[in-house]
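Colleague: Mind having a look at this structure? Questions to follow.
Number of protein chains: 2
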Amino acid sequence: MIVYFRLMRMKDDEKKEALFEATVKLVNEIGFVSSSVSRIAKEAKVSPATIYVYFENKEDLIVSTYIDIKLKMSKAILENFDPTLPIRDILRNVWFIMFDYISNNLKYHKFVEQFSSSPYGTLVEKKVVEQYFDPLINVLQRGVEQKIIKKVNFDILSAFMWYPITILANPRLCENFELNEENIETAFTLAWNAIKL
Amino acid sequence: MIVYFRLMRMKDDEKKEALFEATVKLVNEIGFVSSSVSRIAKEAKVSPATIYVYFENKEDLIVSTYIDIKLKMSKAILENFDPTLPIRDILRNVWFIMFDYISNNLKYHKFVEQFSSSPYGTLVEKKVVEQYFDPLINVLQRGVEQKIIKKVNFDILSAFMWYPITILANPRLCENFELNEENIETAFTLAWNAIKL
DNA sequence: GTCTAAAATAAACGATCATTCATTTTTGTC
DNA sequence: GACAAAAATGAATGATCGTTTATTTTAGAC
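Same order as they appear, the protein sequences are chains C and F.
In case it helps, the working numbering puts the first sequence at residues 1 to 197.
In case it helps, the working numbering puts the second sequence at residues 1 to 197.
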């Protein structure tokens, strides 16, 4: 039997990316409430119907935007990750890289914050996204095993090693915290004092 | 000139409270997107039009709900505030009181988190709400002056003394952190290690 | 250029949105 | 019980919502 294959027309990656960017921009500016499908389409310069070629529905568009961002973030942060350094140096490096990434991509950070604390957040399995950042979690694990870091609940360690970054990088919450090297170094010192044994 | 006063009919405080509670419940369950005026009205068992007797519009209802919650929270937390204790004891007490309040009023905590990270957050002057908690900020100030607490940017101190509470009290973020006395004590120790000189 | 299948879209769907309006109900003094 | 004024409401407003459908446009193998 001879089967004829005809190449189907390909989806346009740039269009999908434009939809992600439009979603981020609008949700940051006017929130989930006002970010309607038609407005997102207009912002991305496509027809509202086109969105349904790329996504199942509005919810899928928004959740996909979130997951895409988390993937981008984890790649950027783990790009130059060197697990052979001393544990404190690894953590310190991550702090500087995360501040660098967030301050250059504040729109992503804002979107993630808004998404996570909204009911959309419950739609994403926390562990799925968390595993993108597995190497970071493993560092803390090693620190505990080597008796460098306090042996306490992991949620506590995270609350003092990772979450302060998301707080301090939020200019609405910390308008007096300038993201310069000295301030980041100071803040990291507090984080390290918190978790070190 | 004689002026005749007739008592006008009074607004019903219970109805306003019911609208606050309905707003909190629905926004937590289905988000700002789906929490329409008519659904909030139905939840509060009033007519949609009644909402406009008590509030200018939907935005006013939501912002007022937030401010009402923040006021309730600050009163609960500062109720038994004793500024004469040693600074570490004051902070430790506040930690326990805050965890107690949040775990008994998780709905308020959730609403505040979602509100703050949404564009509604920009509608509320941060300083207005912050001043409800002024005594707490003053404690840190005194700690710095008495050379008990590190002399660093106040946003940094807040990021390690207050924000970890909001993280740890969020069961979605910290599902492994049980809110018992031992765990709170441990977490506070890390916070104190971070900020103490 | 022809053909095909999928991308892309304009237009239309019923549903629901926030808000207003005309009317009724309730409150409290006289 | 009568009166006045504000609370309370049911119904209607035009606008916009998310999604679907029927149609047109486009990409790529032949």
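Built from N, CA and C at the ideal position, the CB exists for glycine as well.
Does chain F have any CB closer than 8 angstroms to the CB of E113/C?
Modeller: At least one chain F Cβ lies under 8 angstroms of E113/C.
Colleague: Are the Cβ atoms of L197/C and V139/C separated by less than 8 angstroms?
Modeller: Result no, Cβ atoms of L197/C and V139/C do not sit closer than 8 angstroms.
Colleague: How should V53/F be labelled, buried or exposed, when 16 other C-beta atoms within 10 angstroms of its C-beta is the threshold for buried?
Modeller: Answer is exposed; the Cβ neighbour count stays below 16.
Colleague: For the alpha helix (DSSP H) holding W162/C, just list the boundary residues, first then last.
Modeller: Here W162/C belongs to no alpha helix (DSSP H), and DSSP marks it neither H nor E.
Colleague: Since S103/C and A169/C are thought to touch, with beta carbons under 8 angstroms apart, how far apart are those beta carbons, to the nearest angstrom?
Modeller: Right, the Cβ-Cβ distance comes to about 7 angstroms (below 8 angstroms), so this counts as a contact.
Colleague: Fully enclosed by the stretch 71-135 of chain C, which alpha helix (DSSP H) runs are 4 residues long or longer?
Modeller: The stretch 71-135 of chain C contains these whole alpha helix (DSSP H) runs: 87-104, 106-116 and 126-130.
Colleague: Mind checking whether S117/C and S35/F have CB atoms under 8 angstroms apart?
Modeller: No. Outside cutoff.
Colleague: Measuring only the C-alpha atoms, how far is I69/F from F96/F?
Modeller: So the two alpha carbons sit approximately 19 angstroms from each other.
Colleague: Please classify I148/F: does DSSP put it in a helix, a strand, or coil?
Modeller: Coil, per DSSP.
Colleague: With a Cβ-Cβ cutoff of 8 angstroms, do V144/C and T186/F count as a contact?
Modeller: It is not a contact, given that the beta carbons lie outside the stated cut-off.
Colleague: Bridge partners for K196/C per DSSP, in chain order?
Modeller: According to DSSP, K196/C bridges with I149/C.
Colleague: Suppose the cutoff is 7 angstroms on Cβ atoms and the five residues either side in sequence are ignored; what does the same chain contact list for M1/F look like?
Modeller: In this prediction, M1/F scores a pLDDT of 31, lower than 50, which makes its location untrustworthy; the coordinate-derived value is nonetheless stated afterwards. None.
Colleague: Examine chain C for any beta-carbon lying closer than 8 angstroms to the beta-carbon of S64/F, and answer yes or no.
Modeller: Output row for S64/F: interface = no.
Colleague: Using a C-beta cutoff of 8 angstroms, does V201/F count as contacting chain C?
Modeller: Lying outside 1 to 197, the shown extent of chain F, residue 201/F is not represented and no answer is given.
Colleague: List, in chain order, every chain F residue whose beta-carbon is nearer than 8 angstroms to that of R172/C.
Modeller: Neighbours of R172/C on chain F, chain order: G121, T122 and K126.
Colleague: Report the three-state DSSP secondary structure of S35/F (helix, strand or coil).
Modeller: Three-state result, S35/F: coil.
Colleague: Going along chain F, which residues have a C-beta under 7 angstroms from D155/C?
Modeller: Those within 7 angstroms of D155/C in chain F are L168, C174, N176 and F177.
Colleague: Tell me the rounded alpha-carbon separation between K127/C and F154/C.
Modeller: For K127/C and F154/C, the distance between alpha carbons rounds to 14 angstroms.
Colleague: Distance check for N105/F and S38/C, CA to CA, integer angstroms please.
Modeller: Each residue's alpha carbon lies about 38 angstroms from the other.
Colleague: Can you list, in chain order, the residues of its chain whose CB lies under 8 angstroms from that of W162/C, leaving out five sequence neighbours each side?
Modeller: Answer for W162/C: L136, listed in chain order.
Colleague: At least one CB of chain C closer than 8 angstroms to the CB of T186/F: is that the case?
Modeller: For T186/F, the answer is yes, since a Cβ of chain C falls inside 8 angstroms of its Cβ.
Colleague: Rounding to the nearest angstrom, what Cα-Cα distance links A76/C and Y108/C in this structure?
Modeller: In a straight line, the C-alpha of A76/C is about 13 angstroms away from that of Y108/C.
Colleague: Does P86/C come within less than 8 angstroms of chain F when only Cβ atoms are used?
Modeller: False, the Cβ-Cβ gap to chain F never drops below 8 angstroms.
Colleague: Tell me the rounded alpha-carbon separation between T84/C and R142/C.
Modeller: If I take the Cα positions, the gap works out to 12 angstroms.
Colleague: At the level of alpha carbons, what is the spacing between V3/F and K42/F?
Modeller: For V3/F, the predicted structure reports a pLDDT of 38, less than 50, and the residue's modelled location is therefore unreliable. The matter cannot be settled from this model.
Colleague: I want to verify the contact list: residues of chain F whose CB lies under 9 angstroms from the CB of V152/C, in sequence order.
Modeller: Those within 9 angstroms of V152/C in chain F are N183, T186, A187, T189 and L190.
Colleague: Starting from the C-beta of F20/F, find all residues in its chain whose C-beta is less than 6 angstroms away, skip the five residues before and the five after it, and write them out in chain order.
Modeller: T65 and D68.
Colleague: What is the DSSP secondary structure of R142/F, counted as helix, strand or coil?
Modeller: In this structure, R142/F counts as helix in the three-state DSSP scheme.
Colleague: Does the Cβ of E113/F have 16 or more other Cβ atoms within 10 Å, making it buried, or fewer, making it exposed?
Modeller: Classification for E113/F: buried.
Colleague: Can you list, in chain order, the residues of its chain with a C-beta nearer than 8 angstroms to that of I148/F? Leave out the 5 residues immediately preceding and following it.
Modeller: Taken in chain order, the residues that qualify are I87, R88, K196 and L197.
Colleague: Compute the Euclidean distance between the alpha carbons of D60/C and K150/F, then round it to the nearest angstrom.
Modeller: Straight-line Cα distance between these residues: approximately 46 angstroms.
Colleague: Mind listing, in chain order, the continuous alpha helix (DSSP H) runs of no fewer than 4 residues lying wholly within the stretch 46-72 of chain C?
Modeller: Counting only runs of 4 or more, we get 48-54.
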